[in-house]
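K.L.:
First the structure, which I've put down as structure tokens, then a few questions once you've had a look.
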Amino acid sequence: MDDAQRRAHAGMLLSDPVFVEIMDDLERTAINRLLAAPAKDHEGRLAAATEANAIRAVRSRLTALTEQPQKKRAAA
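Dropping the structure here:
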């Protein structure tokens, strides 16, 4: 798969309503678990925060792929 195809696929994922809905739900659930966890549940809070950060990292990586400048081909 070349860079243009990667950009296109990343853009399709980011604009897919089902993908966006699922990612929103996963992130919201992780954040709610983080906020609802007892203050002394350090492992549970860390796991929820890590999950929310991972979801955000996936979105960030997909966004970065869509924003990569197109490489110019060298003249033959």
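Final position of the sequence shown in the working numbering is 60; the numbers increase by one with none missing.
Cβ atoms here follow ideal geometry from the backbone N, Cα and C, with glycine treated the same way.
How about the region 21 to 31 and the region 40 to 56: do they share at least three Cβ pairs that are nearer than 8 Å?
P.N.:
Touching, no.
K.L.:
In the structure shown, what three-state DSSP assignment does ALA21 receive?
P.N.:
In the structure shown, ALA21 sits in coil (DSSP, three-state: anything other than H, G, I, E or B).
K.L.:
Should ILE39 go down as buried or exposed, given a rule of 16 or more other Cβ atoms within 10 Å for buried?
P.N.:
Buried, since its Cβ has 16 or more Cβ neighbours within 10 Å.
K.L.:
Using three-state DSSP, classify ASP8 as helix, strand or coil.
P.N.:
Helix.
K.L.:
Taking 6 Å as the limit between beta carbons, can you name the residues of its chain near ALA(-6), skipping five residues before and five after?
P.N.:
Closer than 6 Å at Cβ, skipping near neighbours: LEU46, LEU49 and THR50.
K.L.:
Check each candidate in GLN52, SER(-1), ARG12 and LYS24 and name the one with the smallest Cα separation from GLU35.
P.N.:
Checked all of GLN52, SER(-1), ARG12 and LYS24; the closest Cα to GLU35 is ARG12.
K.L.:
Given this structure, state the Cα-to-Cα distance separating PHE3 from GLU27, to the nearest angstrom.
P.N.:
Near 28 Å, if we compare the C-alpha coordinates of GLU27 and PHE3.
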